[in-house]
Each structure stands twice: as C-alpha cells, then as structure tokens.
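Peer 1: Heads up, the sequence shown is in this note's numbering, so the first residue is -10 and it goes up one at a time.
Backbone N, C-alpha and C define an ideal beta-carbon position, used for all residues, glycine too.
Bear in mind the structure is a predicted one, so any value in this text is a computation, not a measurement.
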Amino acid sequence: MDAAPPRRRRRRWLLRLALSLVVLLLVLRWFEHRMTYAPFARMDATGDELGRPREDVYFTTKDGVKLNAWFYPAATDSSRARLVFLIAHGNGGNISHRVPLYDALLSRGTAVFAFDYRGYGCSAGRPDEEGTYLDAQAAHAWLVARGFAPTNILAYAESLGGGIVTELALREKVGGVILQSCFSSVHDIGAEMLPWLPVRWVTHNRYDNAGKLPRMHAPLLVMHGRADTIIGFHHGEKLFAAANEPKLFWELAGDHNDQPLADRVKFVAGVEKFLGELVKAPPLMK
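1. Is the CB-CB distance between Ser85 and Gly110 below 8 Å?
2. Judging by CA-CA distance, which residue of Leu264, Arg0, Ala138, Arg87 is the nearest neighbour of Thr35?
3. Rounded to whole angstroms, what's the CA-CA distance from Leu143 to Tyr61? Just pull it up for me.
4. Does the Cβ-Cβ distance between Gly114 and Val154 come in under 8 Å?
5. Between the stretch 196 to 204 and the stretch 241 to 258, do three or more beta carbon pairs fall short of 8 Å?
6. Which first and last residues belong to the alpha helix (DSSP H) in which Tyr122 is found?
7. Go to Thr49, then tell me how far its beta strand (DSSP E) extends in each direction, as first and last residue.
8. Out of Gly82, Leu95, Tyr47, state which residue places its alpha-carbon closest to the alpha-carbon of Ala70.
9. Nearest-angstrom Cα distance between Gly82 and Pro89?
10. Excluding the 5 residues flanking Asp45 on each side, which residues of the same chain have their C-beta closer than 6 Å to its C-beta?
11. Along the alpha helix (DSSP H) that carries Leu90, what are the first and last residues, could you check?
12. For Gln126 and Asp37, I'd like the C-alpha separation in whole angstroms.
13. Tell me, which residues are paired with Gln169 by DSSP?
14. Can you give me the C-alpha to C-alpha distance between Arg249 and Phe74, rounded to a whole angstrom?
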C-alpha cells in the first residue's frame, strides 16, 4: 500500500515531468548547436596555393575574441582593385576549405577577405549567433581600417553565412550582398529536417534571413541550385521574393556542397552580371 498522500504523489510526478522536460530541452539545445556549427580546427590548405600575394591576418572583435582571416589583394593594375569580397562561409570546415572559391572571385579583379568565425580554424572562442554577428562586424571594421570604403565591401555568404551577412548589412554599410545556397531561416530549415519536433518553440538560433531582407537595401544577388538536397531551391526563391530591389537571381549547378563551382563558368558569369548591373563596377581590364 502506498502511504504517500495523493497530493504528494502528484507533486513528485510533476517534478519528474519538469526535470524530464529540462533534460530534453538541454539535449535539443546541444543537438541544435551541433547541427548549426561544425567547426574544423585543422587547416587543410595554406592559402598560398593560388600563387598570388596573401596576408595572414589576426584581428579582435568587440567582445575580445581573436579571429583569423586571409586577405588577398587585387592585382595592382585591376580597374576593380577598390572592391573587396568579404566572405562569410558555411557551417562546416574553415577558410582553408574554400580556396577554389577565392580563386573564382579573384578572377573578377577584386580583392578577397575570408575570415573564420570564432571556434573555426585558427580563431579563438566558441560560435554562437550573436558572436558570429560580432565576428562579421570586426571583419568589416578591418577592411574599413585597411582603406576600403564601406560601399566597396561586397558581403558574400555561403549557406550559414547568409544569416550572418544579412545581419551585417543591417548593422553596417555594404556595397552589395551575395547569398549563395542560403536558407530562409533556421526555423524553416529545422522544421523541414525534423518535422516531428516543435522546432520553432525549442530552437535558440534564428538566423532569419527572410525576415531581415525587407529591411535591407543593398544590391542583392541570390544564387541557388535546383539540385541542392540540403537547402532546397525554394529557400532561394523565398529569399529573392522577400528582398527589395535592386536584386538578381542566378541559378547554379550541382548539389549543396558542390556549389558554386560545379560549373565555374556559370558561377563567374553570375557574379560578373551582378558586378556590372547592380554594383556598377568598372569593366574588368584584360
């Protein structure tokens, strides 16, 4: 016979339920962080594979985190030397895994500045949403201190980087934004991947690109591929629909991790169209 009064048994049951929910929430938060950020500490390239000048850069964020970046200056005789692509990469790897992308962008006669978020590559710290926003702002500040006008900084985002770049464009002046293979929001992509979970209620990260684009007025290029099996093509369409003019949509070839260089010629053509029509960059002198 259970001697405990019904009221005490009810309190015990409610306490066990509350503890179970707390544990479940902690597990979901841990899982969310692992899914959102996949940093890689080891550098698998030196950055010098392109055979052109490069600077290994360290700078510090407003909250005191030391970050690492690679800066490739434009060719001195380029008519576009005043322009620079600030690259916010995807959630996996680090800046050493995107050397072919830098090569493709450098072919447009611009400079390239690729930085690692906190916790990635040689950057200190641990990634989180607000932290990555501060990282991008610090990268932007480094370029301004280097002598680049804010209107000549073109923020290039790959996948997760879209959430960081759209926020950067609201906090700082930029000359243009490229969203390559980006999601509309963490909530949207999470609900698609885990439809059986109340994702919108339990996730901490937002990276709400679609929600921010109506407030952004920098020239925009959205690049996405129909064969993307990780972030579906409809995400690119949603981002484009939410954005203000001037804007351009460019379809890419290949799956998510193959973009943008599954068809380099097509990718470069899209970037060139953006530079020529929306950014009004001078023609590239051959």
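Peer 2: Once the coordinates are examined:
1. To locate residue 85, count along the sequence shown from 1; it is residue 96. To locate residue 110, count along the sequence shown from 1; it is residue 121. Result yes, Cβ atoms of Ser85 and Gly110 sit closer than 8 Å.
2. Taking the sequence shown and counting its residues from 1, the one referred to as residue 35 is at position 46. That would be Arg87, whose Cα lies nearest to the Cα of Thr35.
3. Residue mapping note: residue 143 aligns to position 154 of the sequence shown, counting from 1. Residue mapping note: residue 61 aligns to position 72 of the sequence shown, counting from 1. Those two C-alpha atoms are separated by around 14 Å.
4. Here residue 114 refers to the residue found at position 125 when the sequence shown is read from its first residue. Here residue 154 refers to the residue found at position 165 when the sequence shown is read from its first residue. No.
5. no
6. Here residue 122 refers to the residue found at position 133 when the sequence shown is read from its first residue. Note, Tyr122: alpha helix (DSSP H), 118 to 135.
7. By one-based count along the sequence shown, residue 49 stands at place 60. 44 to 49 is the span of the beta strand (DSSP E), which, as asked, contains Thr49.
8. Here residue 70 is taken as the residue at index 81 of the sequence shown, counted from 1. Minimum Cα distance to Ala70 is reached at Leu95.
9. Counting from 1 along the sequence shown, the entry for residue 82 is found at position 93. Counting from 1 along the sequence shown, the entry for residue 89 is found at position 100. The straight-line gap from Cα to Cα measures roughly 14 Å.
10. Taking the sequence shown and counting its residues from 1, the one referred to as residue 45 is at position 56. For Asp45, where only same-chain residues beyond five positions count, there are no Cβ hits under 6 Å.
11. For the purposes of this step, residue 90 is taken as the residue at position 101 of the sequence shown. It spans 88 to 95 - the alpha helix (DSSP H) in which Leu90 sits, taken as one unbroken run.
12. Locating residue 126 in the sequence shown gives position 137, counting from the first residue. Locating residue 37 in the sequence shown gives position 48, counting from the first residue. Whole-angstrom Cα-Cα distance: 26 Å.
13. For the purposes of this step, residue 169 is identified with residue 180 of the sequence shown, where counting begins at 1. Its beta-bridge partners are Glu147, Met212.
14. If you number the sequence shown from 1, residue 249 lands on position 260. If you number the sequence shown from 1, residue 74 lands on position 85. Sequence check: residue 249 is Pro here, not Arg. The straight-line gap from Cα to Cα measures roughly 15 Å.
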